[in-house]
Structures are given as C-alpha cells and as structure tokens.
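> Just so you know, the numbering used here puts 19 at position 15 of the sequence shown, and the rest follows in order with no gaps.
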Amino acid sequence: MPTWLKVILILLAALAVVVAGIGYAGYRWLDSHKGELRQQGLQVRKEAEEFARGKDAEQCIAESLARLDRCDGIVCDVRTKLFLNTCLQKTGIPPNVCATLPKRTEFITSAKWAMEECARRGRSNDQRCARIIATLQERCEGR
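#1: Ignore the nearest five residues each way along the sequence and tell me which others in F87's own chain have a CB closer than 7 Å to its CB.
#2: Would you say C64 and T95 are within 8 Å of each other, going by their C-beta atoms?
#3: Which first and last residues belong to the alpha helix (DSSP H) in which M5 is found?
#4: Using beta-carbon positions only, say whether R125 and D81 come within less than 8 Å of one another.
#5: Output the boundary residues of the alpha helix (DSSP H) element that contains N89.
#6: Quick one: Cα of K38 to Cα of R83, how far?
#7: What separation, rounded to the nearest whole angstrom, lies between the Cα atoms of L13 and R57?
Structure (structure tokens):
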C-alpha cells in the first residue's frame with residue numbers, strides 16, 4: 005500500500021474519531037440537561053402563548069427577532085424558533101403571506117427569500133435571522 009494512501013486513511017480514521025467524540029459529548033450534554041431544556045421549552049411556549057394574545061404574525065416575528073438579539077448560541081436559536089412557531093400557531097399567518105413564500109424544498113429560492121426578508125427588516129447578511137424567519141415557511145407548509 006502506498007504511503008500517501010496510508011496517510012489519508014490515518015487522517016480519515018482520526019477525523020472519524022474526532023467526529024464520534026464530539027457526537028458523544030453532545031449526546032452526554034443533552035442527556036444531562038434534558039430536564040432543564042424541557043422546562044425552558046415549556047416556559048418559552050407559555051411566554052409565546054401569552055404574547056400572542058391580541059397580536060398578529062408580524063408582531064410575533066418582531067418579538068422573536070428582538071429575543072434573538074438578547075442571546076447567543078444554538079440553544080438561544082432553538083428557544084427563539086420555538087417562541088416564533090408557538091406564537092404563529094396562536095396568531096395564525098394570513099393566507100396571502102403563505103401564498104408568496106417559496107417552498108422549503110426550493111433551496112436556492114428559499115435561502116434568497118430568507119436573506120431578502122431579513123434585509124428588509126434591517127438585518128442584512130444575518131444567518132441567525134434567516135434560520136428563524138424560515139419558521140414562516142414551516143408554519144405555512146404545515147397547514
């Protein structure tokens with residue numbers, strides 16, 4: 005076996021060990037925090053339901069983006085997405101809004117729409133905004 009092939013195989017094996025280690029650490033972290041995360045999820049849903057009273061979809065989006073500004077990290081993104089999803093579930097999305105959204109399976113069009121929507125809201129090139137705003141598509145397709 006050529007030396008270059010051995011080196012590549014060793015690097016691939018090392019990469020597999022690192023990926024497995026990260027996956028295991030992530031699993032252990034989630035397992036040790038699942039009760040806390042569940043409580044946070046219930047609290048976020050309660051907040052979203054209370055916020056949604058007398059509000060519309062646009063106000064849900066604005067509040068979600070404001071919440072996104074107040075925190076960092078993947079857990080924050082998940083909480084914010086949960087807030088928006090629950091809020092939109094309670095307020096509803098006007099059918100004319102859903103009619104203008106691209107399907108999530110139209111990847112390029114969908115990504116372009118999300119970035120344009122965020123730019124319209126003063127958040128140009130904001131990937132976190134784009135991930136959160138995609139909740140609109142999910143809610144529309146879930147009808």
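All C-beta atoms, glycine included, are put in the ideal place defined by N, C-alpha and C.
The model shown is predicted, which means the values in this text are computed figures rather than measured ones.
Looking at the coordinates:
#1: Excluding sequence neighbours, F87 sits near V48, E51, A52, S68, R71.
#2: Going by C-beta atoms, C64 is nearer than 8 Å to T95.
#3: Note, M5: premise wrong, no alpha helix (DSSP H); not H, not E.
#4: For R125 and D81, no; Cβs fall outside 8 Å.
#5: 78-95 is the span of the alpha helix (DSSP H), which, as asked, contains N89.
#6: Going from the Cα of K38 to the Cα of R83 covers about 14 Å.
#7: The C-alpha of R57 is placed about 58 Å away from the C-alpha of L13.
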